[in-house]
Structure formats: structure tokens, C-alpha cells
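Undergrad: Read in this note's numbering, the sequence shown has 689 at position 613, and its numbers run on one by one without any break.
Pasting in a structure now, in C-alpha cells, and then I'll have a few things to ask.
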Amino acid sequence: MNAETAETKEIKPKRINGLSFWVVVITALIGILISVNQLFQLRIAGFMPIESGYYYYILATFLSVSFLIFPARKKDATHLPWFDWIIFLICVGVNIYFAANSYNILTGGWEYSAPLLPTIMGFVLWGLALEGVRRTSGNMLFFICLIFSFYPVFGQYLSGMLWGTPLSLLETACYHSMGVESIIGIATRIVGNEIIGYIIFGAAIVSSGGGQFFMDLAMALMGKSRGGSAKVSVFSSAFMASLSGSVVSNIVTTGTLTIPAMVKTGYSPRYAASVEACASTGGTITPPIMGAAGFLVASFLNVPYSAVMGAVIFPAFLYFFMMFLQVDFHAAKMNIEGYKAEDLPRFTAVMKDGWFFMGSIILLTVLLIVYRITAIAPFYTILFLFGCAMIRKSTRLGKEKLLNFLYQSATVLGQLTAILAGIGLIIGAFSATGVANSFSRELLLLAGDNAFLLLFLGAATSFVLGIGMTVTACYVFLAVVLVPALVKIGFDPMAAHLFVMFCGNLSYITPPVALGAIAASTISNTNPMSTAVTSMKLGILLFILPFMFVLNPSLIFRGSGLAIAQSVTTSIIGSIIMAGALEGWIYRIGKLSQVFRVILFFSGLLIVYPEGYTDLLGLIIAGLALATAWFTRHRPSLPGAQGISVNS
Numbered sequence: 077m078n079a080e081t082a083e084t085k086e087i088k089p090k091r092i093n094g095l096s097f098w099v100v101v102i103t104a105l106i107g108i109l110i111s112v113n114q115l116f117q118l119r120i121a122g123f124m125p126i127e128s129g130y131y132y133y134i135l136a137t138f139l140s141v142s143f144l145i146f147p148a149r150k151k152d153a154t155h156l157p158w159f160d161w162i163i164f165l166i167c168v169g170v171n172i173y174f175a176a177n178s179y180n181i182l183t184g185g186w187e188y189s190a191p192l193l194p195t196i197m198g199f200v201l202w203g204l205a206l207e208g209v210r211r212t213s214g215n216m217l218f219f220i221c222l223i224f225s226f227y228p229v230f231g232q233y234l235s236g237m238l239w240g241t242p243l244s245l246l247e248t249a250c251y252h253s254m255g256v257e258s259i260i261g262i263a264t265r266i267v268g269n270e271i272i273g274y275i276i277f278g279a280a281i282v283s284s285g286g287g288q289f290f291m292d293l294a295m296a297l298m299g300k301s302r303g304g305s306a307k308v309s310v311f312s313s314a315f316m317a318s319l320s321g322s323v324v325s326n327i328v329t330t331g332t333l334t335i336p337a338m339v340k341t342g343y344s345p346r347y348a349a350s351v352e353a354c355a356s357t358g359g360t361i362t363p364p365i366m367g368a369a370g371f372l373v374a375s376f377l378n379v380p381y382s383a384v385m386g387a388v389i390f391p392a393f394l395y396f397f398m399m400f401l402q403v404d405f406h407a408a409k410m411n412i413e414g415y416k417a418e419d420l421p422r423f424t425a426v427m428k429d430g431w432f433f434m435g436s437i438i439l440l441t442v443l444l445i446v447y448r449i450t451a452i453a454p455f456y457t458i459l460f461l462f463g464c465a466m467i468r469k470s471t472r473l474g475k476e477k478l479l480n481f482l483y484q485s486a487t488v489l490g491q492l493t494a495i496l497a498g499i500g501l502i503i504g505a506f507s508a509t510g511v512a513n514s515f516s517r518e519l520l521l522l523a524g525d526n527a528f529l530l531l532f533l534g535a536a537t538s539f540v541l542g543i544g545m546t547v548t549a550c551y552v553f554l555a556v557v558l559v560p561a562l563v564k565i566g567f568d569p570m571a572a573h574l575f576v577m578f579c580g581n582l583s584y585i586t587p588p589v590a591l592g593a594i595a596a597s598t599i600s601n602t603n604p605m606s607t608a609v610t611s612m613k614l615g616i617l618l619f620i621l622p623f624m625f626v627l628n629p630s631l632i633f634r635g636s637g638l639a640i641a642q643s644v645t646t647s648i649i650g651s652i653i654m655a656g657a658l659e660g661w662i663y664r665i666g667k668l669s670q671v672f673r674v675i676l677f678f679s680g681l682l683i684v685y686p687e688g689y690t691d692l693l694g695l696i697i698a699g700l701a702l703a704t705a706w707f708t709r710h711r712p713s714l715p716g717a718q719g720i721s722v723n724s
């Protein structure tokens with residue numbers, strides 16, 4: 077089985093086959109066609125639902141398939157029980173009912189008081205949203221969504237900042253199911269209006285063999301260099317994760333190739349797994365796609381998605397720059413060589429076979445930055461990708477690849493829609509009760525207008541929430557509760573949102589959860605927690621970056637040209653020094669003693685800290701330490717020293 081076929085089949089559970097497979101594929105195709113019709117305003121056969129009706133159709137297709145793809149119980153992982161078919165049909169029926177009545181909901185004020193039948197349907201949709209979250213994200217997020225979804229009912233019985241505007245149970249059901257701030261609120265709107273095309277584009281890349289192309293491209297460019305296998309992993313995994321937006325699934329697919337390759341060339345299994353975990357985690361903060369959170373940032377700030385891409389590009393570069401340095405320094409310290417030239421693919425041959433993959437990335441970037449057509453840009457890119465793939469027989473998409481493309485689209489969109497519908501319940505509860513403003517106000521009072529304390533509280537909260545939530549859920553929760561407090565205290569709005577988004581990714585490589593590290597450790601057969609600890613060292617800049625750019629927005633290109641140039645320069649220098657300190661090796665000097673490693677690490681922190689005097693102090697300390705280390709290693713022997721004894 078070739079790599080791309082393995083990629084397409086990895087995600088397919090045993091319970092989906094035969095009729096269920098075709099139902100999932102056809103339902104996904106219908107959902108995609110409805111989205112294309114809506115986003116391009118084609119009015120096929122006169123069909124053009126109002127905006128809220130369109131979101132119900134998104135739920136009718138993609139939320140529904142999640143009940144077929146994701147089992148209710150572990151024992152159902154290998155078969156599809158009859159009640160999942162019932163839930164699927166109910167989900168389709170309820171959402172089509174709401175879509176058909178979307179105009180009546182809007183004009184009749186049903187979100188506050190609806191007739192009996194839509195009220196009953198509202199309770200059903202509420203339950204479906206909760207069950208979708210439970211199946212796709214687990215019990216932790218389910219209980220969070222469950223408790224907060226009932227907040228309008230019991231919030232009136234709480235005191236202080238927890239008190240909320242009261243709603244009855246019937247009013248709450250109507251608000252959640254028919255209001256524009258809950259299930260079909262901002263989270264679902266992001267899926268229907270912006271994310272859907274990018275998810276489909278990611279599936280198109282994988283299904284057409286993009287994973288193998290980026291692997292071969294990385295091999296051709298970096299395989300021959302020192303520690304080439306790890307550099308290939310960083311490059312290819314980051315590229316694929318940035319397109320798919322999924323850390324764990326990317327590790328499962330690319331890691332099966334990159335981790336054994338790293339181990340074979342001399343990296344320890346634990347280190348190899350950590351490289352893959354950190355590279356895949358970094359992909360979710362790397363343009364052009366970055367997962368759902370990037371689009372949510374743009375929506376909350378009401379700015380073009382290209383503005384978010386522009387802000388993130390240097391922090392993402394810095395993260396991978398330091399990772400490259402670390403794996404290079406580690407290879408130098410451990411004498412790990414690159415691949416032999418005869419074992420590597422030729423760059424020209426790789427580009428000849430898969431140039432259209434790189435072309436599609438370039439086209440997508442141009443459409444986003446120059447033309448700013450965020451919603452429809454990926455659809456044009458998909459047409460370009462598939463059109464070019466069909467030219468040559470070796471890259472042509474047959475029936476199996478096309479079906480797997482639709483299935484992967486259904487799986488990712490089903491999971492994402494279910495998660496965001498559940499998150500919508502939280503946002504809806506905050507909106508209905510007005511409690512989000514109370515939380516922000518109390519956070520400011522708790523921090524006492526201390527910016528550092530507020531940032532620390534925010535990072536800690538983000539990490540704790542990341543233990544039980546997906547990154548997207550964690551971001552949305554804190555964007556509503558924490559970000560207003562950060563902005564009110566004086567932080568740049570873009571930096572505040574990105575701070576929360578970056579911190580939410582920490583749980584992928586940090587114990588006790590460390591989902592990315594655990595996924596990689598299963599491939600390398602290493603201890604999950606020790607792999608997570610090594611991952612934290614390799615990905616340490618991810619812990620530092622959010623504080624760097626929120627305290628110094630020049631790193632996200634906010635400020636004068638001089639300030640940006642200074643910040644970029646010092647952060648690069650600081651990253652080089654910290655990478656050398658962490659790996660115990662640096663250019664021109666070689667291995668470093670523990671004392672020099674500690675001194676250099678803290679001097680690197682001083683350099684990346686956004687203050688002129690700390691930059692200068694860090695540079696002086698690092699310069700003295702490096703000069704001393706160089707002199708210690710290269711000092712000439714004293715004349716006549718040989719043969720002199722202590723007693724002479």
C-alpha cells in the first residue's frame with residue numbers, strides 16, 4: 077500500500093462499510109453542494125435559503141454524519157448499531173424542519189417563544205448537539221457544554237459574578253435551537269461561511285497524494301544535510317498539519333513514516349517521537365490554514381483572515397526556526413549524518429510529479445492575501461488541484477481516491493461541526509445571561525490591573541481548559557471570557573486573541589494530557605510521559621512565544637518599521653542561543669558544559685524579552701559566555717607544560 081492510500085484509509089473506522097459508507101459519502105456531497113451553492117450564490121434550481129436556514133442545512137448534513145462515523149460506546153467501534161441510524165435520521169429531519177421554517181423563526185420571534193412543535197424540536201436539537209460533542213470530543217467537553225447550556229436556567233440562583241439573567245427551561249431550549257447566538261451562532265457560522273472549503277481542500281491534498289509529495293520534497297531539499305531525517309519530519313509534518321489543522325491525525329499518518337526513519341539514522345526513539353509531536357503541533361499555528369481557531373480569530377476581530385495570517389507568520393517561522401536549530405545541534409552533538417545522495421529523490425523529479433501541490437498552496441495564498449476572497453478561495457484551489465492531477469495518468473484521481481476524499485471531508489467536517497455546535501451552547505448561555513462581561517470584570521479585579529498576573533492567569537486557564545477541550549473549544553471559551561479583559565487592560569486585540577489561541581495548543585505536548593506526544597509515543601514504543609517531557613524541551617518556544625508577542629506586538633508586525641526590525645532581529649538571536657543551550661552544542665564551539673548551558677539559556681530569555689535594556693544585558697552576558705566557552709575549548713597549551721609534575 078502506498079503512502080497516500082494509507083493516509084486515506086487510516087481515518088476510516090471498521091464500523092463504516094457498505095451502505096453506511098455510501099450514506100456518509102452522499103450526505104457529505106450534498107452538504108458540500110449546498111455550501112457551494114450558498115457561497116457562490118448559484119441559486120441552483122432556485123434553491124437559496126436565508127442565512128440561518130443555510131446553517132441548519134450544515135447541521136442536517138455534517139452533524140448528522142458524525143453519529144454514523146463516531147460511536148456512542150467503545151464496544152460499537154466495530155459495528156453500527158440500529159439506534160445510530162435512528163439518531164442520524166432524527167438529526168437530518170429536525171434540522172431540515174428548522175431550515176424550512178427559518179423565515180418563520182426569524183419573523184415570528186421563535187427564539188424567545190415558539191409554538192409547541194418547534195419547541196419540542198428545539199429540545200431534540202439541544203440534545204443532539206450535546207451528544208455530538210460527547211462522541212467527537214469525549215466526556216470532559218460534554219459535561220462543560222452540558223452545565224453551561226443550562227446556565228440560563230439556574231444562573232439566577234447564583235451570586236456575585238456568577239449571577240445571570242434568568243430564562244425558563246422552555247425559553248432556554250428555544251434560544252439554543254432557534255437563536256442566532258447559540259447552536260447556529262458564530263461557531264457554526266464559521267464552519268458554513270469560511271472553514272468548510274479549507275477542510276475540503278485539506279482532504280483533497282491528502283487524497284491526491286500530497287502527503288507523499290511534501291515528504292519527498294523535504295527529502296530532496298534537506299535529506300542530505302546533517303540530521304536530515306529529523307529536518308524532513310519537521311518540514312513535512314508542519315506542512316501537512318498546517319493544511320489539515322489536526323495534530324493527532326497528522327502524527328498518525330506522517331509519523332508512521334518519519335519516526336522510524338529518524339530512529340534508523342541515529343535519533344533515539346523518544347527524541348524522534350518528540351520531533352514529530354512538536355512539528356505537528358506547530359502546524360496548527362502555521363499559515364495558510366491553521367485549523368478552525370484562526371478563522372474564529374478573524375471573525376471575533378471582524379478582520380480579513382489574511383490579517384490573521386500576516387500576524388502569525390513570524391511567530392510560526394520563529395518556532396520552526398528554533399526547532400530546526402535544535403535538531404541540527406542535536407545531530408552535531410550525536411554525530412548523526414544525513415541520508416546518502418543516492419537514497420534521496422531528485423528535486424526536479426519531485427517537482428515534475430507534484431508541482432501542482434505547491435502551485436495550489438501558492439494560488440491559495442495569493443487568493444487570500446491579494447484578492448481576500450476567504451470563503452471561496454479554497455474551492456478555486458481545489459479545482460486547480462484536481463484539474464492538474466487529472467493531466468497525468470500517474471497522478472489521476474480514480475474512483476477510490478475520490479470516494480476517500482469525500483469520506484475524509486465528511487469525517488473532519490462532522491467532527492468539527494459537532495464540536496462547534498456544542499461550543500455554541502456555551503456562547504449562547506453567556507450571551508443570554510450576560511455573564512461573560514461579569515467574568516471579564518472579575519478577572520481584572522482579581523489581577524488588580526497587573527498585566528503579568530492577568531497573562532499568567534490566562535495562560536494557566538487556557539492550559540487547564542486544554543486538558544478537557546479541543547483547541548478550538550478552549551479558544552472560543554477564553555475569547556469570550558478572557559480576551560475582553562486583556563484588551564481592556566491595554567493589550568493589542570490581535571495579540572490578545574493569538575495569545576489565547578497559542579496557549580490552547582500547549583496541552584498537545586504537555587503532561588498530563590499531551591495528546592500529540594502520546595500519539596507519537598505509540599509509534600516509537602516509548603514512555604508517553606517521558607516523550608511529553610522531551611517534547612516540552614523541543615517545543616519550549618511555544619510556551620514563550622505568546623508572552624513575547626502579547627507584550628511586544630512588533631513580533632506580529634504591529635508597530636513602526638524600526639521596532640519590528642529590532643524585535644525580529646533580537647528574537648532570532650535569542651532563539652539561536654536558547655537552542656544551543658537546550659541541546660548543549662553550538663556553532664564554532666561544539667559541546668557546552670552545564671554551566672554555560674544555564675547561562676546561555678537565561679541570556680537568550682533576556683534577549684527575547686521585549687525590552688531594550690534586557691536585550692543589551694542578554695547580548696553582553698551571552699557574548700561573554702560564548703567567548704569564554706570558545707577560549708576554554710581552543711586555548712593553546714602552555715609551552716613546556718608536558719612532563720611537568722606537581723612535585724617538580
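Note that the Cβ used here is the ideal one computed from N, Cα and C, for glycine as well.
Only a predicted model underlies this, so the values are computations on that prediction, with no experimental measurement involved.
Starting from the Cα of residue 152, find the closest Cα among 91, 110, 679 and give me that residue.
TA: That would be 91, whose Cα lies nearest to the Cα of residue 152.
Undergrad: Using C-beta distances below 7 Å, list every residue in its chain close to residue 115, excluding the 5 sequence neighbours before and after it, in chain order.
TA: Cβ within range, chain order: 451, 452.
Undergrad: Could you tell me the distance, in whole angstroms, from the CA atom of residue 421 to the CA atom of residue 266?
TA: So the two alpha carbons sit approximately 40 Å from each other.
Undergrad: Taking the alpha-carbon positions, what's the residue 617 to residue 395 distance?
TA: Cα to Cα, residue 617 sits roughly 6 Å from residue 395.
Undergrad: Just to confirm, is the Cβ distance from residue 591 to residue 324 under 7 Å?
TA: Result yes, Cβ atoms of residue 591 and residue 324 sit closer than 7 Å.
Undergrad: Among 678, 710, 212, which has the Cα closest to the Cα of residue 696?
TA: With distances taken between Cα atoms, residue 696 lies closest to 678.
Undergrad: Thinking C-alpha only, which one of 710, 131, 486 is nearest residue 146?
TA: Of the listed residues, the one whose Cα sits closest to residue 146 is 486.
Undergrad: Please confirm whether residue 616 has its beta-carbon closer than 7 Å to some beta-carbon of chain B.
TA: No chain B appears in the structure shown, which is made up of a single protein chain.
Undergrad: Roughly how far, in whole angstroms, is the beta-carbon of residue 343 from the beta-carbon of residue 412, given that I think they are within contact range, below 8 Å?
TA: Between residue 412 and residue 343 the Cβ distance is about 6 Å, and since that is below 8 Å, they are a contact.
Undergrad: Look at residue 529 and residue 523 and say whether their C-beta atoms are less than 7 Å apart.
TA: It is a contact, given that the beta carbons lie within the stated cut-off.
Undergrad: Can you tell me whether DSSP reads residue 661 as helix, strand or coil?
TA: Residue 661 falls in the strand class under three-state DSSP.
Undergrad: Skipping 5 residues on each side, what residues in its chain have a beta carbon closer than 6 Å to that of residue 445?
TA: Excluding sequence neighbours, residue 445 sits near 382.
Undergrad: Applying the 10 Å Cβ sphere with the 16-neighbour rule, what's the burial state of residue 707?
TA: Per the 10 Å Cβ criterion, exposed.
Undergrad: Throw me the rounded Cβ distance for the residue 304 and residue 414 pair, which I believe falls under 8 Å.
TA: Sure, about 3 Å apart at Cβ, within 8 Å.
Undergrad: Quick test of the definition: if touching needs 3 or more C-beta pairs under 8 Å, does the segment 461-478 touch the segment 512-519?
TA: No, they do not touch.
Undergrad: Residue 370 to residue 683, Cα distance in whole Å?
TA: Taking the straight line from one Cα to the other gives about 28 Å.
Undergrad: Count the other CB atoms, across all protein chains shown, that sit within 10 Å of the CB of residue 268; report buried if there are 16 or more and exposed otherwise.
TA: Counting Cβ neighbours within 10 Å, residue 268 comes out buried, since at least 16 surround it.
Undergrad: If we count Cβ pairs, one from each stretch, closer than 8 Å, do we get three or more for the segment 208-221 versus the segment 480-498?
TA: Yes, since at least three Cβ pairs between the segment 208-221 and the segment 480-498 fall closer than 8 Å, the two stretches touch.
Undergrad: Can you check whether the CB of residue 443 is closer than 7 Å to the CB of residue 449?
TA: Contact: yes.
Undergrad: Keeping to the same chain, check which residues put their C-beta closer than 6 Å to that of residue 587; ignore five residues upstream and five downstream.
TA: Around residue 587: 605, 608.
Undergrad: Check residue 151 in the structure and name its three-state DSSP category.
TA: If DSSP states are grouped into helix, strand and coil, residue 151 belongs with the helices.
Undergrad: Whose C-alpha, out of 322, 270, 680, is nearest the C-alpha of residue 624?
TA: When each option's Cα is compared against that of residue 624, the closest is 680.
Undergrad: Based on DSSP bridge pairs, tell me the residues matched to residue 666.
TA: BP columns for residue 666 point to 662.
Undergrad: Compare the beta carbon distance of residue 255 and residue 321 with 7 Å and say whether it is the shorter of the two.
TA: Taking 7 Å as the Cβ cut-off, residue 255 and residue 321 do not qualify as a contacting pair.
Undergrad: Quick one: what's got a C-beta closer than 6 Å to residue 646's C-beta in the same chain, skipping five residues either side?
TA: Here the set comprises 683, 691.
Undergrad: My parser needs the beta strand (DSSP E) runs of 3 or more residues fully inside the segment 121-209; what are they?
TA: Whole beta strand (DSSP E) segments, 3+ residues: zero.
Undergrad: If the criterion is Cβ atoms closer than 7 Å, does the pair residue 205 and residue 134 meet it?
TA: No, the pair does not count as a contact, with Cβ atoms beyond the cut-off.
Undergrad: If you reduce the DSSP assignment to three classes, tell me which class residue 685 lands in.
TA: Residue 685: coil per DSSP, three-state reduction.
Undergrad: Select from 511, 386, 641, 351 the residue whose C-alpha is nearest the C-alpha of residue 596.
TA: For the residues 511, 386, 641, 351, the minimum Cα distance to residue 596 belongs to 351.
Undergrad: Closest to residue 211 by C-alpha separation, out of 264, 195, 200, 140, would be which residue?
TA: Closest option to residue 211, Cα to Cα, is 140.
Undergrad: Round the Cβ separation of residue 359 and residue 316 to the nearest angstrom and send it over; I've been treating them as touching at under 8 Å.
TA: Residue 359 to residue 316, Cβ: 7 Å. Contact.
Undergrad: State the CB to CB distance for the pair residue 489 and residue 163, rounded to an integer number of angstroms; the pair is presumed to be in contact (CB under 8 Å).
TA: 18 Å between Cβ atoms; not a contact.
Undergrad: Residue 573 and residue 403: beta carbons closer than 7 Å?
TA: Cβ atoms of residue 573 and residue 403: not closer than 7 Å.
Undergrad: On a Cα-Cα basis, can you pick out the residue from 299, 532, 234 that is closest to residue 418?
TA: Minimum Cα distance to residue 418 is reached at 299.
Undergrad: Tell me which residue opens and which closes the alpha helix (DSSP H) that residue 567 is part of.
TA: Premise fails: residue 567 is in no alpha helix (DSSP H) and is neither H nor E.
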